[in-house]
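Chains as they are written, first to last, in the numbering used here: chain A, 131 to 455; chain R, 131 to 455; chain U, 131 to 455; chain B, 131 to 455.
Every residue, glycine too, gets a C-beta built ideally from N, C-alpha and C.
Remember, predicted model here, so these are calculated numbers, not experimental data.
Only one structure is covered here, and it is reproduced in the block below.
4 protein chains.
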Amino acid sequence: MSKIKTIGILTSGGDAPGMNAAIRAVTRSGICNGLSVKGIYRGYDGLIKDEVKSFTTEDVSGIITRGGTILKTARSKEFMTPEGMQKAYETCIKEEIDALVVIGGNGSLTGARNFAMEYDFPVVGLPGTIDNDLYGTDSTIGYDTTMNTIMECVDRIRDTANSHERIFFIEVMGRDAGFLAQNSAIACGAEAAIIPEESTDVDQLARFMERGIRKSKKSCIVIVSESPKCGALYYADRVKKEFPEFDVRVSILGHLQRGGSPSAHDRILASRTGVGAIKALMQGQRNVMIGVRNNEVVFVPFSEAIRSDKPLNKGLIKVLDELSI
Amino acid sequence: MSKIKTIGILTSGGDAPGMNAAIRAVTRSGICNGLSVKGIYRGYDGLIKDEVKSFTTEDVSGIITRGGTILKTARSKEFMTPEGMQKAYETCIKEEIDALVVIGGNGSLTGARNFAMEYDFPVVGLPGTIDNDLYGTDSTIGYDTTMNTIMECVDRIRDTANSHERIFFIEVMGRDAGFLAQNSAIACGAEAAIIPEESTDVDQLARFMERGIRKSKKSCIVIVSESPKCGALYYADRVKKEFPEFDVRVSILGHLQRGGSPSAHDRILASRTGVGAIKALMQGQRNVMIGVRNNEVVFVPFSEAIRSDKPLNKGLIKVLDELSI
Amino acid sequence: MSKIKTIGILTSGGDAPGMNAAIRAVTRSGICNGLSVKGIYRGYDGLIKDEVKSFTTEDVSGIITRGGTILKTARSKEFMTPEGMQKAYETCIKEEIDALVVIGGNGSLTGARNFAMEYDFPVVGLPGTIDNDLYGTDSTIGYDTTMNTIMECVDRIRDTANSHERIFFIEVMGRDAGFLAQNSAIACGAEAAIIPEESTDVDQLARFMERGIRKSKKSCIVIVSESPKCGALYYADRVKKEFPEFDVRVSILGHLQRGGSPSAHDRILASRTGVGAIKALMQGQRNVMIGVRNNEVVFVPFSEAIRSDKPLNKGLIKVLDELSI
Amino acid sequence: MSKIKTIGILTSGGDAPGMNAAIRAVTRSGICNGLSVKGIYRGYDGLIKDEVKSFTTEDVSGIITRGGTILKTARSKEFMTPEGMQKAYETCIKEEIDALVVIGGNGSLTGARNFAMEYDFPVVGLPGTIDNDLYGTDSTIGYDTTMNTIMECVDRIRDTANSHERIFFIEVMGRDAGFLAQNSAIACGAEAAIIPEESTDVDQLARFMERGIRKSKKSCIVIVSESPKCGALYYADRVKKEFPEFDVRVSILGHLQRGGSPSAHDRILASRTGVGAIKALMQGQRNVMIGVRNNEVVFVPFSEAIRSDKPLNKGLIKVLDELSI
């Protein structure tokens with residue numbers, strides 16, 4: 131294995147707050163350790179199309195406070211094809227990029243692993259996703275910020291729910307994982323959470339309603355995980371039919387959950403894992419995601435990180451159950 | 131006219147941040163001036179049903195920081211009927227309420243005026259609505275907070291719009307008035323605003339798109355005022371059809387716009403007009419809304435305040451136009 | 131008078147949130163109206179030293195959300211000398227700058243006026259200061275944001291004051307003007323404000339203390355305007371001596387009051403006055419500050435704007451008095 | 131051991147955001163599990179003086195969003211004496227309190243342990259302190275909120291530091307522990323942190339200054355941990371003497387660091403450990419602090435939790451070092 135002189139860095143998939151902090155950390159730590167750093171724009175698409183720029187420490191100055199990603203991001207279909215991967219590899223050769231740092235979620239790190247294996251290329255990943263669905267790290271970059279954003283929104287909706295004594299079904303992101311929904315329900319003192327990991331039927335809904343009503347006259351908040359077949363609108367409709375006497379409203383928080391200045395937790399996580407990524411590459415590691423577990427930086431093999439079944443802590447369901455009495 | 135000894139206070143219509151600050155100010159200023167104060171719950175409905183509680187200064191302690199209204203609020207159909215009004219009047223007699231302070235928007239103050247005229251009853255109003263659609267006051271209680279809430283949400287969405295190079299149509303509240311949409315578009319540096327006061331056709335949309343694209347590759351934000359027939363979804367669909375190459379998204383901010391701790395501006399406006407309401411009643415004023423104009427507390431006759439055509443400053447349209455180049 | 135083709139823009143004096151929004155507005159409106167725009171760095175010092183850069187709309191992209199000023203700022207002693215002014219004028223000639231837009235407070239606009247009169251040079255000003263001490267505009271750029279920042283800080287301190295039942299003297303900015311102190315005291319529900327415009331003796335302090343104690347056991351918050359001779363530390367010491375039984379604490383909010391993303395109000399004010407500055411210059415106006423009064427953009431002669439005695443509305447003192455019972 | 135029927139709950143020491151969320155969780159989980167819950171006011175002093183009130187679920191409704199502690203808090207000298215402890219014990223007997231839940235930091239849990247051992251009384255603790263200096267839990271209740279509060283303040287100061295090209299020494303809380311200082315320095319992209327765990331001499335300061343200056347002209351931020359002998363003022367004075375050419379400022383964040391609505395992280399931590407406290411007591415546990423480690427609720431013996439030497443992760447010093455280049 132030849133020595134790494136130049137690394138390329140890209141962000142891929144859905145943007146997450148803290149990605150910029152990660153870009154900054156990788157860039158500065160790389161330069162601090164004698165490496166050249168090149169920013170690749172628009173994720174794997176930019177790697178395919180050679181949208182690459184040399185980075186100095188100045189290029190990442192002041193970005194730690196900003197949401198989104200200065201490298202832009204996208205989901206690339208072309209990169210999933212052998213032709214696309216080949217073009218991406220050719221860009222690496224042309225740009226003299228010896229190793230890649232990929233910041234993204236499950237799909238992006240799967241792509242990273244495939245590329246690394248196909249071309250025997252050094253790649254490390256950072257867990258950049260608001261969904262918290264990656265194995266081997268206590269949380270992912272963006273998750274904590276999004277939790278706080280959801281919490282602030284629901285706190286606001288609680289004001290109006292209380293004033294009008296209404297029932298609100300609030301839909302939050304999270305794809306197939308209920309981390310955001312279950313935890314934000316606890317953080318907001320919601321009456322219930324509806325998550326992909328647990329089935330929720332109408333009888334349970336009735337129980338939630340009664341509990342909310344018993345507690346504070348007629349107001350009640352239910353957090354619902356987004357889902358193709360049964361989001362907040364579905365449950366609201368069901369409840370309206372069963373309990374026509376209630377004033378039921380729906381709020382879909384949507385894309386505002388992705389943005390905003392990252393929280394302290396996410397900035398630190400991004401900074402630590404970004405420094406860790408350079409350290410891993412300098413140690414000859416590859417095919418690992420950098421995480422933080424039990425307050426220590428850890429290297430997690432891609433194959434472990436992208437396992438699809440990161441479980442929700444069952445204790446959290448009991449916590450919400452006891453506290454929403 | 132007999133001397134006023136006891137006032138009743140209620141909040142009506144959609145809740146607005148700063149209503150609690152207004153309740154606090156009316157209560158404390160009333161007590162400070164030797165009056166008894168009674169809180170009426172759930173708006174005019176509570177007046178009809180005699181949901182009334184005597185207030186001390188302690189009852190309103192600490193509420194200046196909180197969104198919503200501790201008095202709850204509702205829209206009352208019964209109060210629009212002669213029978214409903216009669217019951218409300220009987221509650222006033224029974225509770226020995228000599229004057230009413232009503233905090234609410236256009237509809238609520240119209241109800242206040244009708245009640246005052248029907249029963250020759252002293253009523254003053256405070257402009258409590260996020261829509262800013264009341265005449266004679268530079269702004270309404272809740273408007274400034276909601277402006278800031280919308281701005282924070284759009285700033286967040288801008289992060290993700292930039293990262294993914296998308297076009298966002300973001301729907302904000304305001305009923306028939308474009309104040310929130312036009313001003314938040316300026317505050318957020320949006321590319322365009324679509325408001326009820328001005329017609330916007332597809333050619334203009336095309337111009338907005340091109341301008342946004344020219345400016346920053348492919349990202350663009352359009353703020354759309356809510357409207358029964360053509361909200362954000364309508365315009366997004368039109369644009370998707372005309373410009374299938376764009377990645378168009380919609381975000382409907384919804385009820386979170388109503389809540390949250392009030393801004394300094396709204397707390398001060400609520401405090402000043404609340405103190406003004408007591409002063410007005412002690413001076414024998416009635417049938418007036420208390421506003422702040424040119425930094426002075428003013429008494430605005432109800433008939434003037436609730437005129438339906440508070441105009442949007444045309445200069446604001448030009449400002450957005452020049453700044454979104 | 132020859133036609134204006136190129137304008138120079140600078141920020142001067144203490145930075146204020148919204149200065150960037152003003153820079154953006156002047157730049158874009160200028161370019162939109164066919165002018166060239168040059169940014170001058172570090173206030174009048176940069177004008178003296180020819181620190182000038184041509185601006186495009188891209189240079190001001192995305193800055194509306196950011197605190198501080200991308201043009202940097204400083205207080206220039208050299209500009210107060212004839213030699214300094216002469217050098218500044220020579221830079222204007224050399225850079226072909228036909229007119230200046232100065233964003234700053236009282237001192238900066240006084241310098242602007244002096245320069246304009248000395249060299250018969252077209253200068254307009256924008257009211258950029260957190261102190262709100264400029265005449266002829268309902269508020270200054272930065273004032274509203276700083277009010278909200280102070281309010282959030284005091285809300286936080288109230289939590290700990292209540293929990294520990296303490297008395298807090300909190301010092302806020304404002305130089306010789308009590309706007310920030312008096313208004314933030316109302317907004318925070320403080321027990322009292324000590325402002326330069328009114329004398330406060332120890333007997334009054336005793337009354338404040340008793341009132342706060344009567345209201346909520348032993349907690350009390352007093353907002354104190356900064357002042358060279360008697361700030362928060364001075365009053366806290368006096369109270370400690372007179373009332374040794376109290377747990378008295380001091381918090382000096384300091385420089386954090388200047389920063390942060392500007393509020394919606396300040397962004398709009400900056401945008402409207404920025405557009406107004408270009409309009410004024412194109413109309414042949416000079417020696418005016420652009421303000422907003424009664425929701426309309428107005429041109430205020432410098433001599434009027436910088437009068438030293440903008441009075442605090444006396445009604446505000448009565449409002450705080452009644453509401454802190 | 132007799133069965134526990136009634137628990138008492140108190141908060142002690144410095145207040146921390148999330149204490150209310152913990153009170154809510156203990157109360158609701160206790161009631162949900164068939165126990166009676168009594169709130170004890172003003173920490174151990176209130177236990178001594180029998181300031182006790184029976185709690186229902188309604189008493190803790192809505193408090194999850196609020197900073198401070200509704201139970202008030204204090205540091206009790208009397209409780210450190212045998213007589214004080216005896217009185218506290220007598221209150222427990224009189225009020226039929228069978229077990230105590232103490233929410234507080236190092237000193238408060240030491241008191242809890244002493245009381246538990248002296249009277250063979252069931253006591254469990256929750257880690258409620260912003261300092262994060264308790265062993266056996268990944269973080270303490272309040273730490274994450276305070277981190278975010280510090281970060282927001284420093285982000286604001288960064289705006290003005292950049293605009294004026296100044297050097298700021300910013301003092302943060304943390305007592306003898308550098309967690310807040312070191313981590314907030316990373317989160318804010320500060321140039322350096324001065325912490326109790328590491329000695330910092332003037333040569334290092336010179337290096338920090340040069341680095342900051344090299345990076346961004348003349349602006350630089352140093353976070354300093356509070357310390358009786360050498361806080362921010364001390365270092366600022368040293369630097370001013372050595373480098374008179376710099377514009378050096380000091381900001382002491384002070385008590386505002388303690389307040390504010392708790393972050394999602396702290397609300398969830400408080401909720402989980404609060405439920406854990408009831409579970410521990412029902413299982414016959416005592417003399418344990420409830421923590422969260424590696425995302426699991428754990429019971430940590432008091433003797434382990436209050437060890438005085440919780441170490442700062444050395445990797446964090448390297449992270450800051452590499453990223454502030």
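Residue i and residue j closer than 8 Å at C-beta
i	j	result
E356 (chain B)	E301 (chain B)	yes
D396 (chain R)	T199 (chain R)	no
L239 (chain A)	V232 (chain A)	yes
I316 (chain A)	V369 (chain A)	no
G146 (chain R)	L177 (chain R)	Per the sequence presented here, residue 146 (chain R) reads as Ala, with Gly not at that position. Contact flag unset, no.
G389 (chain A)	T290 (chain R)	yes
R286 (chain A)	G197 (chain R)	yes
V430 (chain U)	G406 (chain U)	no
Buried or exposed by the 16-neighbour rule on C-beta atoms within 10 Å, applied to residue i
i	result
G148 (chain A)	buried
M247 (chain U)	exposed
I455 (chain U)	exposed
K135 (chain R)	exposed
I164 (chain R)	According to the sequence provided, residue 164 (chain R) is Gly. The question's Ile does not apply to it. Per the 10 Å Cβ criterion, exposed.
N262 (chain R)	buried
K224 (chain U)	exposed
S206 (chain A)	buried
G414 (chain R)	exposed
S314 (chain A)	buried
S393 (chain A)	buried
8 Å Cβ shell around residue i - same chain, five flanking residues per side excluded
i	result
L442 (chain B)	A307, G308, F309, Q312, I325 and E327
T187 (chain U)	T157, R158 and I161
M215 (chain A)	F209, N244, F245, E248 and Y249
Any non-hydrogen atom of the ligand GDP closer than 7 Å to residue i Cβ
i	result
D289 (chain A)	Judged by which ligands are present, the structure shown has none, so any question about the ligand GDP falls away.
Residues near residue i in its chain [Cβ-Cβ closer than 7 Å; skip 5 each side]
i	result
L363 (chain U)	V380
R416 (chain A)	A246, P252, V253 and V254
E181 (chain B)	I170, Y171 and R172
Euclidean distance between Cα positions of residue i and residue j
i	j	result
A435 (chain U)	T203 (chain U)	21 Å
D333 (chain A)	E295 (chain A)	22 Å
I153 (chain U)	T403 (chain B)	50 Å
L150 (chain B)	M419 (chain U)	One detail in the question is off: residue 150 (chain B) reads as Asn in this sequence, not Leu. The straight-line gap from Cα to Cα measures roughly 50 Å.
I351 (chain R)	T195 (chain U)	15 Å
D377 (chain B)	V284 (chain B)	17 Å
I193 (chain R)	R288 (chain A)	15 Å
F185 (chain A)	I139 (chain A)	10 Å
G304 (chain U)	M281 (chain U)	14 Å
Other residues of its chain near residue i: CB distance less than 6 Å, five sequence neighbours each side excluded
i	result
G234 (chain B)	S142, G143 and G258
L264 (chain U)	P257, T270 and A435
S166 (chain R)	T136
Cross-strand partners of residue i (DSSP beta bridge)
i	result
G169 (chain A)	A:I139 and A:K183
G421 (chain A)	A:V428
C283 (chain R)	BP columns for C283 (chain R) are empty, so no partner.
R379 (chain B)	B:F298
S355 (chain U)	U:V302
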